[in-house]
Amino acid sequence: MKNFFIVFLILMIVWVLLNNTFQPDILLVGAVIAFFASAFLCKRCELFADMNFTPKGIIYTIIFLGVFMIDLIKSNLDVTRRVLNPALPIKPGIVEVKTKLKSKFARMLLANSITLTPGTLTVDVKDDSFFIHWIDVKDEDVKVASKEIVEKFEKYLEVIYG
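Residue numbers (our numbering): -12 to 149.
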C-alpha cells in the first residue's frame, strides 16, 4: 500500500507540473490516471518498501535533492573549467569506494547520483563496493575516495532508506 501511495503521489506531482494548473477537473483526470497507473505499476512493486515515509525521511529527501543539485552544479563547473583550460591537470582512473547502504533502491540512487554528476561514472557494483571512473583521482585509498565521492550522498540516503 505504501508503494501505491508513493507512486500515486509522484504521478500527481508530475501531472500538476505538466499541466501547470490546480483546476478541479484537471486534477480529477490526473487523479484517475495516477490511480490506475499506480495500481498497474505497483502490483508486485517493492520499489519504495525500504523508504522511511516519515517527516524526517521526507525532510531528508528534500535535503538530499538539494545536496545533489549543488554537487551537480559544482561538478559541471569543474568539468567545464577543465574543458576550457586544457592546461589544468587531470588524472583519470577507476577507484573503489565502499558504501554502508543496505537497501537496493538506495544503492541504485547512490550509483545514479554519482554517475549523473559530471567527472564521475559508476562502472560496476559488487556487494558494498562501487567502482567509479573519476576524472581527477585525488587519492586511490578506498576510505579517502569514499569520503570524497560517496559520503555526501550516503548520509542522507541512509536516513531515507535505512
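Note that the Cβ used here is the ideal one computed from N, Cα and C, for glycine as well. Every value quoted in this text rests on a predicted model; they were computed, and no experiment measured them.
The beta strand (DSSP E) enclosing residue i, as first and last residue numbers
i: residue 112; result: 107 to 113
Exposure of residue i, with buried meaning 16 or more beta-carbon neighbours within 10 Å
i: residue 98; result: buried
i: residue 52; result: exposed
i: residue -5; result: buried
i: residue 1; result: exposed
i: residue 74; result: exposed
i: residue 140; result: buried
i: residue 88; result: buried
i: residue 57; result: exposed
i: residue 154; result: This structure gives no information on residue 154, because the portion of the chain shown stretches from -12 to 149.
i: residue 160; result: The first residue shown for the chain is -12 and the last is 149, placing residue 160 beyond what the model contains.
Continuous alpha helix (DSSP H) stretch holding residue i: start and end
i: residue 137; result: Note, residue 137: premise wrong, no alpha helix (DSSP H); not H, not E.
i: residue 68; result: 42 to 71
i: residue 6; result: -11 to 6
i: residue 21; result: 11 to 28
Distance CB(residue i)-CB(residue j) smaller than 8 angstroms
i: residue 131; j: residue 83; result: no
i: residue 86; j: residue 117; result: yes
i: residue 37; j: residue 100; result: no
i: residue 107; j: residue 77; result: no
i: residue -2; j: residue 25; result: yes
i: residue 50; j: residue 143; result: yes
i: residue 71; j: residue 104; result: no
i: residue 152; j: residue -11; result: This structure does not reach residue 152, given that the chain is present from -12 up to 149, and the question cannot be answered.
Residue closest to residue i, alpha-carbon to alpha-carbon, out of the options
i: residue 122; options: 37, 22 and 80; result: 80
i: residue 28; options: -9, 17 and 58; result: -9
i: residue 22; options: 64, 66, -7 and 65; result: -7
i: residue 94; options: 105, 104 and 109; result: 109
i: residue 92; options: 18, 145 and 31; result: 145
Bridge-paired residues (DSSP) for residue i
i: residue 121; result: 80 and 107
i: residue 85; result: 116
Cβ-heavy atom distance, residue i to the ligand ZN, below 7 angstroms
i: residue 90; result: The ligand content of the structure shown is nil, which means the ligand ZN is not present either.
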